[in-house]
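Peer 1:
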Amino acid sequence: ADYSGQLPAFLQGFAELLKSSPEIKRDVLISFPGLVDSLLLAHIDKLGIRDSIHLPGYVHHKELFDAMSRAQVLLAETKSQFLIPRKVYEYIAMQKTLAFIAPEQSALTTLGKESGAGLCLHDTSSTAVGTFIRGIHSTWRKSKLPKVNSGFAERYAMDNYIEDLSIALTKA
Numbered sequence: 001a002d003y004s005g006q007l008p009a010f011l012q013g014f015a016e017l018l019k020s021s022p023e024i025k026r027d028v029l030i031s032f033p034g035l036v037d038s039l040l041l042a043h044i045d046k047l048g049i050r051d052s053i054h055l056p057g058y059v060h061h062k063e064l065f066d067a068m069s070r071a072q073v074l075l076a077e078t079k080s081q082f083l084i085p086r087k088v089y090e091y092i093a094m095q096k097t098l099a100f101i102a103p104e105q106s107a108l109t110t111l112g113k114e115s116g117a118g119l120c121l122h123d124t125s126s127t128a129v130g131t132f133i134r135g136i137h138s139t140w141r142k143s144k145l146p147k148v149n150s151g152f153a154e155r156y157a158m159d160n161y162i163e164d165l166s167i168a169l170t171k172a
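First residue of the sequence shown: 1, per the numbering used here; consecutive thereafter.
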């Protein structure tokens, strides 16, 4: 996780929400496994939300999959209209609720909608982030988080996607 994307604004909104919502503070923990750059760490500390952010550092791949399988919602972000972060394909395979921070007409937003489990945030203002997280929290408390549509994971498995792309490029 780094400071260059939309995470700083998202975390700002999260911090403001935590001040007014003890139930969110009690129930929501955001985890950033792997390397987190020093600017983002400093931002987390400045916001005073370190106790609501899990920073395990480097995690072996198997342990990472175990952690993802225990998570209720998996988060990814991109500023690109066309780029789908590779980890999203792993998230789809996990059959979990997917939370995306992405532009409105982006490939990631489209994928989220098609999956049936993609909750998309396009505006990272504090108010929008608060509304987004409250909505996810409320749905979680009712045990009604969306799941990936049946058959969707198989249709969009990364291996199939790469194979299709390779075939298309070979025929071009």
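We treat Cβ as the ideally placed atom computed from N, Cα and C, and that holds for glycine.
#1: In the structure shown, what three-state DSSP assignment does residue 30 receive?
#2: Which full runs of the beta strand (DSSP E) of 3+ residues lie inside the region 44 to 93, going along the chain?
#3: Our contact map puts residue 75 next to residue 42 with C-beta atoms below 8 Å; I'd like the distance itself, whole angstroms only.
#4: So, are the CB atoms of residue 84 and residue 111 less than 9 Å apart?
#5: State the Cα-Cα distance for the pair residue 29 and residue 132, rounded to the nearest angstrom.
#6: Going by beta carbon distance, what residues of the same chain come within less than 8 Å of residue 134, once the five residues before and after it are set aside?
#7: For residue 82, does the count of other Cβ atoms within 10 angstroms reach 16, so buried, or fall short, so exposed?
#8: Excluding the five sequence neighbours on either side, which residues of its own chain have a C-beta within less than 8 Å of the C-beta of residue 138, listed in chain order?
#9: Leaving out five residues on either side along the sequence, give the residues of the same chain with a beta carbon under 7 Å from the beta carbon of residue 148.
#10: How many whole angstroms separate the CB atoms of residue 6 and residue 77, which I take to be in contact at a CB cut-off of 8 Å?
#11: From the DSSP secondary-structure annotation, give me the bridge partner or partners of residue 97.
#12: The beta strand (DSSP E) that contains residue 119, what's its start and end?
#13: Can you give me the Cβ contacts of residue 1 inside the same chain, cut-off strictly under 8 Å, excluding the 5 residues immediately before and after it?
#14: As a quick exercise: from 14, 113, 19 and 51, pick the residue whose alpha carbon is nearest that of residue 152.
Peer 2: A quick look at the data gives this:
#1: Here residue 30 corresponds to residue number 30 of the sequence shown, with the count starting at 1. Three-state DSSP puts residue 30 in a strand.
#2: 53 to 57 and 73 to 77
#3: Taking the sequence shown and counting its residues from 1, one reaches residue 75 at position 75. Taking the sequence shown and counting its residues from 1, one reaches residue 42 at position 42. Not quite, the Cβ-Cβ distance comes to about 20 Å (not below 8 Å), so this is no contact.
#4: For the purposes of this step, residue 84 is taken as residue 84 along the sequence shown, with counting starting at 1. For the purposes of this step, residue 111 is taken as residue 111 along the sequence shown, with counting starting at 1. In contact: residue 84 and residue 111 (Cβ atoms closer than 9 Å).
#5: Mapped onto the sequence shown, residue 29 falls at position 29. Mapped onto the sequence shown, residue 132 falls at position 132. Whole-angstrom Cα-Cα distance: 15 Å.
#6: Along the sequence shown, read from residue 1 onward, the residue named residue 134 stands at position 134. Closer than 8 Å at Cβ, skipping near neighbours: 17, 21 and 24.
#7: Taking the first residue of the sequence shown as 1, we reach residue 82 at position 82. By the 10 Å Cβ count, residue 82 comes out exposed.
#8: As a working mapping, residue 138 is identified with position 138 in the sequence shown. Nothing listed; no residue qualifies.
#9: Here residue 148 refers to the residue found at position 148 when the sequence shown is read from its first residue. So the list reads 92, 95, 115, 116 and 117, once near-sequence residues are dropped.
#10: If you number the sequence shown from 1, residue 6 lands on position 6. If you number the sequence shown from 1, residue 77 lands on position 77. Residue 6 to residue 77, Cβ: 5 Å. Contact.
#11: The residue labelled residue 97 in the question sits at position 97 within the sequence shown. Answer by DSSP bridge pairing, in chain order: 73.
#12: Working through the sequence shown from its first residue, we reach residue 119 at position 119. First-last of the beta strand (DSSP E) with residue 119: 118 to 121.
#13: For this step, residue 1 is matched to residue 1 along the sequence shown. Cβ neighbours of residue 1 beyond the five flanking positions: 7, 32, 34, 35, 36, 37 and 40.
#14: Taking the first residue of the sequence shown as 1, we reach residue 152 at position 152. Ranking 14, 113, 19 and 51 by Cα distance to residue 152 puts 113 first.
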